[in-house]
Amino acid sequence: MLLRSTRSSSASIVHRLTNLISQSSIVVSRSRPFSSTPLGSAFVPSRAVRRYRFETAYAFKGKPDSPTFFSRGTDGLTSSPAHGSSTDQGLDSDPSSSVSDQALDQSTFTRPDWRDRSATPRLQQGLDAHHPAMVWRDAVWSRSPCGAPGHDWFFVQEVQRPTDALEGSSSSASAKKDLVIGVADGVGGWIDLGVDPSLFAQTLMWFCRQEVAQNGHKDPLRVIQNAYAALSQEKGVLAGSSTACVVSFDAEAGNVRAANLGDSTFLLLRRKQPTSPTPAPTTSPSLPSPPTSENIDISSLLTHKVVYLQASQTHFFNAPKQLSKRPKWMHNKHALISLPEGADLYQTVLQDGDILVLATDGFSDNVWPNELEQLVALVQEHEHELSPFGSNEDSAKDAGPNKVPMTFAQGLANACVNFANTCAFKENKISPFEVEARRYGYKDLRGGKIDDVCVVVVVVKKE
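Following full-length UniProt numbering, the numbering of the sequence shown begins with 1 at its first residue and continues without gaps.
Here you go:
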């Protein structure tokens, strides 16, 4: 498979990468046979010092007609702040769950107008606009480029290790900070009952974040269990359901643990082992010309390989396992009810250079694992262009002192979301969603699946 490279300085790196793959492989791309590996048996005790840091970024994009912030841009993609903070809040929460003055300052962001959209039904919100969960959501959403998260939401929370204060500041500020991330996908069927499907997912992620930030819990299953229990007692959330996937990273030992309920997923990519170069021939009368930038074999650029793919949990086709809250008047005879204890668990030991991509099914239903490997390679190939300065000294002078280079993690998160969105609207692509539909006898579902997409990327770096 050949990809044609372009160096147009005016096109953004994200759109260029999306076009590179979509033009060459979107019609014929198929995944190699892939199955989730068993639960990892290797696990390093926390006392075994390895010390890692984690470069983190997120991006999301809702499907058409999702509510948006009207005061922002027009590309529809929401991503991490330009300063590259590895947490979602960008503002600190104190232990009492109060929100900082910056978050409450209405001049810093514009709340979405949920109810003034004539094309959508009037949905119940339940929670007051000044509830900490809603202020947190709006602050995260508004300070990024314009975006519509739809029914998906997420959290990213660092945890300072207690040993940091004792060991001084010999390491970087981000070193020895554990990390917990999560995504949730609100079940859209609730909209028919006048219930906002996003509210359950957003509030669940809020309570997950609070479990980590305030209570210091880092076990993914326990985080989901306690968050679900708190949500069940929250009177402002009348009803709803969502999937849940939480992943934790140990910065000292390099362990990763995960709990997944539903059809969100995460993929772990690991650096490919270098292959021995082919010995040069003694004579080369008619050797082919080396590939140029106009004709690049992407397979030669692949640097990472997907070594683990979290399998989906479903009751039947397109019906994921889900945490639910139902009003008393609703009969539960045919309800799809799952509990946190039904989550799939995973653990393994990280290596330097590992990349973990956590995503909702808007990504996994449209993008094959081998396409993600290509995205990683192409982002790395164009990594120097992720900086707003690029390689042009004149543009660096014009950029100003406040411009901060985009990280590799952010470039990959943006590329993942944009590529998934591109694939979703391609009727001639054989998507994972189409292949799964065929397994259940649905032969009329062709191409991608139009859905909300939420992606969190973590790049592992050993100190």
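Cβ coordinates follow ideal geometry from the N, Cα and C atoms, glycine included.
In this chain, the beta strand (DSSP E) harbouring TRP153 covers 152 to 160.
When secondary structure is reduced to three states using DSSP, ILE355 falls in the strand class. Annotation: GLY448 to PHE425 spans about 6 Å, alpha carbon to alpha carbon. In the DSSP assignment, ARG53 falls within the beta strand (DSSP E) that extends over 52 to 61. Look at GLY189 here: in three-state DSSP terms it is helix. LEU358 is not a Cβ neighbour of PRO340, given a cutoff of 8 Å. Taking the C-beta atoms as reference points, VAL453 is found nearer than 8 Å to ASN421. The C-beta separation of PHE207 from LEU231 comes to about 5 Å, placing the pair in contact by the 8 Å criterion. Assignment of GLN347 by DSSP, reduced to helix, strand and coil, places it in the strand class. The beta carbon of VAL212 is closer than 7 Å to those of GLN157, VAL159, VAL180, LYS218 and VAL223 in its chain, skipping five residues each way along the sequence.
Counting along the chain, no alpha helix (DSSP H) covers ASN255; the unbroken beta strand (DSSP E) around it starts and ends at 255 to 261. One thing to note: ARG161 has its Cβ within 8 Å of the Cβ of ASP178. Assignment of ALA129 by DSSP, reduced to helix, strand and coil, places it in the coil class.
As the crow flies, the alpha-carbon of VAL183 is around 23 Å from that of ASP192. The region 237 to 255 and the region 304 to 324 touch, with three or more beta-carbon pairs separated by less than 8 Å. Within the same chain, LEU445, ARG446 and GLY447 come within 7 Å of GLU434 by CB-CB distance, once the 5 residues on both sides are set aside. The Cβ atoms of LEU375 and ALA415 lie closer than 8 Å to each other. Taking ASP185 as reference, the option from ASP451, LYS461 and VAL458 with the minimal CA-CA separation is ASP451. Comparing alpha carbon positions, the residue from ARG257, ILE355 and SER300 closest to ALA57 is ILE355.
For SER364, there is no enclosing beta strand (DSSP E); the residue is part of the alpha helix (DSSP H) that begins and ends at 361 to 364. DSSP places LEU301 in the coil class of the three-state scheme, outside both helix and strand.
Separation of CYS245 and PRO274 (C-alpha to C-alpha, rounded to the nearest whole angstrom) is 33 Å. DSSP places SER248 inside the beta strand (DSSP E), whose first and last residues are 244 to 249.
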